[in-house]
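Number of protein chains: 2
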Amino acid sequence: MAEMVIVGSMALDSVKTPFGEVERVVGGAAVYAAAAASLLAPPRVVGVVGGDFPEEALEFLAARGADLEGVESVPDGKSFYWRGVYDYALSDRETLATELNVFADFNPTLPGSWRDSRYCFLANIQPQVQLAVLDQLHDTCFVMCDTMNLWIEHERDALAEVLARVDLALLNDAEARQLADTPNLAEAADRVLDMGPRLLVIKKGEYGATLVSRDDYFSIPSYPLPNVVDPTGAGDSFAGGMIGLLARRDDCCSTELRRAVAFGTVIASACCEGFSLDGLKRLDQAELARRYDVLRDIVRFDAMEWEEFGA
Amino acid sequence: MAEMVIVGSMALDSVKTPFGEVERVVGGAAVYAAAAASLLAPPRVVGVVGGDFPEEALEFLAARGADLEGVESVPDGKSFYWRGVYDYALSDRETLATELNVFADFNPTLPGSWRDSRYCFLANIQPQVQLAVLDQLHDTCFVMCDTMNLWIEHERDALAEVLARVDLALLNDAEARQLADTPNLAEAADRVLDMGPRLLVIKKGEYGATLVSRDDYFSIPSYPLPNVVDPTGAGDSFAGGMIGLLARRDDCCSTELRRAVAFGTVIASACCEGFSLDGLKRLDQAELARRYDVLRDIVRFDAMEWEEFGA
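As given, the protein sequences belong to chains V and W, one line each in that order.
Following the working numbering, the numbering of the first sequence begins with 17 at its first residue and continues without gaps.
Following the working numbering, the numbering of the second sequence begins with 17 at its first residue and continues without gaps.
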């Protein structure tokens with residue numbers, strides 16, 4: 017097991033899906049990723065919260081082994097706030113409000129003893145902030161970063177600098193096409209790898225995820241869910257599951273990377289089964305193991321005996 | 017090896033994609049499916065063509081072992097014609113023209129000796145026509161059908177009758193949601209199975225395909241393609257690959273069904289590499305075998321030792 021640090025937003029979300037609606041519940045990329053990773057290894061969390069952020073959420077993360085020394089609290093400030101609504105098939109969402117609040121001045125400072133963390137997940141934040149974190153880490157073995165269309169459009173240079181310094185970039189398929197400026201996803205993957213990271217994960221929501229490098233290609237479907245409630249945080253839970261497994265195994269060979277994508281897939285599925293952290297809270301290690309084994313069976317098909325076949 | 021019959025359109029298509037444009041090239045669901053199936057077992061083809069349908073296309077199918085006794089020719093009629101244009105990411109297409117021509121009066125009559133065909137693919141046609149074919153088959157072992165949004169909206173009763181009589185329904189994800197009237201794909205699958213077929217394949221285009229039954233769930237990504245040219249006919253090539261493999265093995269147990277989905281996936285990938293039948297013509301058995309084995313590797317991830325893991 018190696019040390020892992022997760023940096024990103026800690027938020028309050030108001031979310032409406034075809035299956036329900038919640039107001040100002042706990043969310044944020046770092047919160048989802050840390051809750052997910054904590055199923056596998058204890059994360060170090062870097063973020064900022066206002067006085068309105070529920071104490072119970074921090075207690076929950078701490079009880080799961082998370083170290084919250086890197087969480088800055090601004091008692092007279094308000095937490096990052098996001099309000100969004102999902103479409104009928106949960107494949108698209110519209111942002112109705114974003115209030116940065118204390119997150120506007122987020123200037124992450126890693127506790128001194130955290131600077132040799134071996135594994136790091138930089139959740140979606142302004143790339144300049146991601147670079148500031150990278151500058152503080154001096155002995156990483158594996159860094160993954162997320163991003164979003166806003167930075168691809170408006171902060172392309174800084175984002176390119178981030179991509180040149182991380183091991184793995186996490187993008188959804190639209191972002192990959194946008195970043196690489198090509199409709200062909202295989203070609204887009206190639207161009208993203210040209211920008212620096214040796215690995216790329218393309219997140220496809222309910223369609224699964226694909227891991228690409230110069231010499232490896234791995235792709236699995238999502239875990240089938242009869243009861244999807246809210247996909248908010250699924251991508252961050254996926255990332256948390258990945259970095260958690262890699263830190264736990266302290267190995268990022270192809271075998272562990274593929275397993276990490278499978279863990280991310282399974283943990284993301286649990287995230288979608290409730291609002292806020294409800295789904296991740298319900299997922300225990302036995303259910304995690306069960307779903308991992310089910311996912312292996314879902315993609316299994318037998319070899320052919322090509323001699324008989326005549327090929 | 018068992019006898020297999022394929023029923024559907026034989027067409028001339030004008031297609032525009034971001035990668036090129038062709039005018040009045042050979043297409044049609046039965047043509048793509050037969051060309052695909054012929055890589056695995058000789059198909060019996062039922063369809064209708066006008067005097068403008070290229071003789072070379074029929075000769076190509078015959079040379080690949082297809083029996084064309086069921087293809088009606090109307091020398092003074094025009095073939096079914098479709099004109100369409102694809103969007104940037106090839107995920108959506110717009111139909112600019114559809115001329116039924118000789119297909120308007122398509123009233124398939126199976127040659128007497130074909131009525132005991134064991135395997136059958138009913139490509140997308142009006143469900144009443146699919147029912148007329150089913151009435152002529154009296155000893156089938158496995159029947160699969162395709163359909164489209166038009167029939168889901170306007171011929172729901174006849175379509176329901178078809179679904180109650182086939183073994184496998186082939187739908188894309190939008191059609192499954194529309195037919196079942198629910199945004200949740202897992203729930204949609206359940207409701208489609210309630211309508212009769214014991215198996216459902218949900219085609220997801222570049223995202224792969226999922227096979228669902230009451231006691232089996234199988235899902236694989238598509239085969240990655242650096243050079244997609246035109247996805248027209250990919251779904252029909254997929255279906256042709258499936259029925260071809262099942263007929264070749266003369267077995268529709270879970271093992272062969274999963275393999276059939278993998279063959280369909282690989283053959284559909286080749287279809288997308290050219291306009292018309294160009295991609296399918298280039299695919300030989302060695303390349304088919306290679307892609308099948310690559311696809312097995314693409315989805316492979318290792319088991320965990322849960323005891324060590326603590327689960």
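Heads up, the beta-carbon is just placed ideally off N, CA and C, and yes, glycines get one too.
Quick check: the Cα distance between W/GLU169 and W/LEU296, rounded to an integer number of angstroms? Here residue 169 of chain W refers to the residue found at position 153 when the second sequence is read from its first residue. Here residue 296 of chain W refers to the residue found at position 280 when the second sequence is read from its first residue. C-alpha separation (whole angstroms): 32 Å.
From V/LEU293 to V/LEU77, what does the alpha carbon distance come to, in whole angstroms? Taking the first sequence and counting its residues from 1, the one referred to as residue 293 of chain V is at position 277. Taking the first sequence and counting its residues from 1, the one referred to as residue 77 of chain V is at position 61. If you take the alpha carbons of V/LEU293 and V/LEU77, they lie about 10 Å apart.
Member of W/LEU56, W/GLY43 and W/SER25 whose CA lies at the smallest distance from the CA of W/ALA302: The sequence position of residue 302 of chain W within the second sequence is 286, counting from 1. For W/ALA302, the nearest C-alpha among the options comes from W/LEU56.
In whole angstroms, what separates the C-alpha of V/ARG193 from that of V/GLY257? Against the first sequence, residue 193 of chain V aligns to sequence position 177. Against the first sequence, residue 257 of chain V aligns to sequence position 241. Taking the straight line joining both Cα atoms gives about 25 Å.
So is V/ASN200 in contact with chain W if we call contact Cβ pairs under 8 Å? Start at 1 with the first residue of the first sequence, and residue 200 of chain V comes out as number 184. So yes, V/ASN200 belongs to the interface.
Please report the straight-line C-alpha distance between V/ARG265 and W/GLU324, rounded to a whole angstrom. What you label residue 265 of chain V is simply residue 249 of the first sequence in a count that begins at 1. What you label residue 324 of chain W is simply residue 308 of the second sequence in a count that begins at 1. If I take the Cα positions, the gap works out to 11 Å.
What are the partner residues of V/TYR135, as DSSP defines its beta bridges? As a working note, residue 135 of chain V is residue 119 in the first sequence. Per DSSP, V/MET20 and V/PHE158.
Using the Cα positions of V/VAL159 and V/ALA45, report the straight-line distance between them to the nearest angstrom. Here residue 159 of chain V corresponds to residue number 143 of the first sequence, with the count starting at 1. Here residue 45 of chain V corresponds to residue number 29 of the first sequence, with the count starting at 1. Between V/VAL159 and V/ALA45, the C-alpha separation is close to 16 Å.
Less than 6 Å between C-beta atoms, sequence neighbours within five positions excluded: which residues of the same chain meet that for W/ARG109? Counted from its first residue, the second sequence places residue 109 of chain W at position 93. The residues are GLY100 and TYR102.
Leaving out the 5 sequence neighbours to the left and right, which residues in its chain are closer than 7 Å to V/SER95 when beta-carbon positions are compared? Locating residue 95 of chain V in the first sequence gives position 79, counting from the first residue. Here the set comprises MET26, ALA27, LEU28, VAL65, GLY66, ASP68, PHE69, ASN117 and VAL118.
Around the Cβ of W/GLU72, are there at least 16 other Cβ atoms within 10 angstroms (buried) or fewer (exposed)? Translated into positions along the second sequence, residue 72 of chain W becomes position 56. It is exposed - the Cβ of W/GLU72 has fewer than 16 other Cβ atoms within 10 Å.
According to the neighbour-count rule (16 or more other Cβ atoms, all chains shown, within 10 Å of its Cβ), is V/ARG275 buried or exposed? The sequence position of residue 275 of chain V within the first sequence is 259, counting from 1. Counting Cβ neighbours within 10 Å, V/ARG275 comes out buried, since at least 16 surround it.
Looking at W/ALA176 and W/LEU216, is the spacing between their C-beta atoms short of 8 Å? In the second sequence, residue 216 of chain W corresponds to position 200, counting from 1. In the second sequence, residue 176 of chain W corresponds to position 160, counting from 1. No, Cβ-Cβ distance for W/LEU216 and W/ALA176 is not below 8 Å.
With a cut-off of 8 Å, does the C-beta of W/GLU169 fall near any C-beta of chain V? Looking up residue 169 of chain W in the second sequence gives position 153. No, no contact with chain V.
Are the stretch 281 to 289 of chain W and the stretch 240 to 258 of chain V touching by the rule of at least three beta carbon pairs closer than 8 Å? no
Please decide whether W/MET14 counts as near chain V, where near means a Cβ-Cβ distance under 8 Å. One cannot answer for residue 14 of chain W here, as it falls past the ends of chain W, which runs 17 to 327.
Expressed to the nearest angstrom, what Euclidean distance is found between the alpha-carbon atoms of V/PRO213 and V/ARG181? Here residue 213 of chain V refers to the residue found at position 197 of the first sequence. Here residue 181 of chain V refers to the residue found at position 165 of the first sequence. Answer to the nearest angstrom: the Cα atoms are 7 Å apart.
In three-state terms, what does DSSP make of V/VAL149? The residue labelled residue 149 of chain V in the question sits at position 133 within the first sequence. Helix.
Three-state secondary structure assigned by DSSP to V/ASN117: Residue 117 of chain V sits at position 101 when you count from the first residue of the first sequence. Helix at V/ASN117.
In chain order, each beta strand (DSSP E) run of at least 3 residues that lies wholly inside the stretch 215 to 255 of chain W: 215 to 219, 225 to 228 and 233 to 236
Cutting at 7 Å between CB atoms, please list the residues of its own chain near V/SER235, excluding the five before and the five after it. On the first sequence, residue 235 of chain V is found 219 positions in, with the first residue counted as 1. So the list reads GLY224 and THR226, once near-sequence residues are dropped.
Using a Cβ-Cβ distance under 8 Å, would V/ALA53 count as near chain W? Locating residue 53 of chain V in the first sequence gives position 37, counting from the first residue. By this cut-off, V/ALA53 is not an interface position.
For W/LEU209, name the three-state secondary structure that DSSP assigns. Position 193 of the second sequence, counting from 1, holds the residue named residue 209 of chain W. W/LEU209 falls in the helix class under three-state DSSP.
In terms of alpha-carbon separation, which member of V/ASP132, V/TYR135, V/GLU171 and V/GLU85 lies closest to V/VAL145? For the purposes of this step, residue 145 of chain V is taken as the residue at position 129 of the first sequence. Taking only the C-alpha atoms, the option nearest V/VAL145 is V/GLU171.
Taking Cβ-Cβ distances shorter than 7 Å, what residues in chain W pair up with V/THR271? As a position in the first sequence, residue 271 of chain V is number 255, starting the count at 1. Those within 7 Å of V/THR271 in chain W are ASP318.
Whole-Å CB distance - W/TRP130 paired with W/ARG80, under 8 Å assumed: To locate residue 130 of chain W, count along the second sequence from 1; it is residue 114. To locate residue 80 of chain W, count along the second sequence from 1; it is residue 64. W/TRP130 to W/ARG80, Cβ: 18 Å. No contact.
Chain W contacts made by the stretch 210 to 234 of chain V, where a contact means CB separation under 8 Å: LYS220, GLU222, TYR223, GLY224, THR226, TYR233 and PHE234
For the structure I just gave you, are there three or more beta carbon pairs, one from the stretch 33 to 42 of chain W and one from the stretch 149 to 164 of chain W, closer than 8 Å? no
Figure out for me which residue from W/LEU273, W/ASP313 and W/LEU106 has the closest Cα to the Cα of W/CYS247. Taking the first residue of the second sequence as position 1, residue 247 of chain W is located at position 231. Inspection of the sequence shows that residue 247 of chain W is occupied by Pro rather than by Cys. Selected option, being the one with the closest Cα: W/LEU106.
Neighbourhood of V/PRO58 by C-beta distance below 7 Å, restricted to the same chain and skipping five residues each side: The count along the first sequence starts at 1 and reaches residue 58 of chain V at position 42. Closer than 7 Å at Cβ, skipping near neighbours: GLY81, ALA82 and ASP83.
Residues in the stretch 239 to 254 of chain V having any Cβ partner in chain B nearer than 9 Å: No chain B appears in the structure shown, which is made up of the protein chains V and W.
Counting only the same chain and skipping the five closest in sequence on each side, list residues whose C-beta sits under 7 Å from that of W/TRP167. For the purposes of this step, residue 167 of chain W is identified with residue 151 of the second sequence, where counting begins at 1. Contacts found: GLN142, PRO143 and LEU175.
Proximal residues to V/GLU88 (C-beta, below 7 Å), its chain only, five neighbours per side dropped: Here residue 88 of chain V refers to the residue found at position 72 of the first sequence. Excluding residues within five positions, the ones whose Cβ falls inside 7 Å are VAL64.
Which runs of the beta strand (DSSP E) at least 3 residues long sit entirely within the stretch 32 to 103 of chain V? Give them in chain order. 36 to 43, 59 to 66, 83 to 90 and 96 to 102
Out of curiosity, what's the CA-to-CA distance linking V/VAL310 and W/ALA204? Taking the first sequence and counting its residues from 1, one reaches residue 310 of chain V at position 294. Taking the second sequence and counting its residues from 1, one reaches residue 204 of chain W at position 188. Cα to Cα, the separation comes out at about 20 Å.
Out of curiosity, what's the CA-to-CA distance linking V/SER54 and V/ASP300? Along the first sequence, read from residue 1 onward, the residue named residue 54 of chain V stands at position 38. Along the first sequence, read from residue 1 onward, the residue named residue 300 of chain V stands at position 284. Looking at the two C-alpha atoms, the distance is approximately 11 Å.
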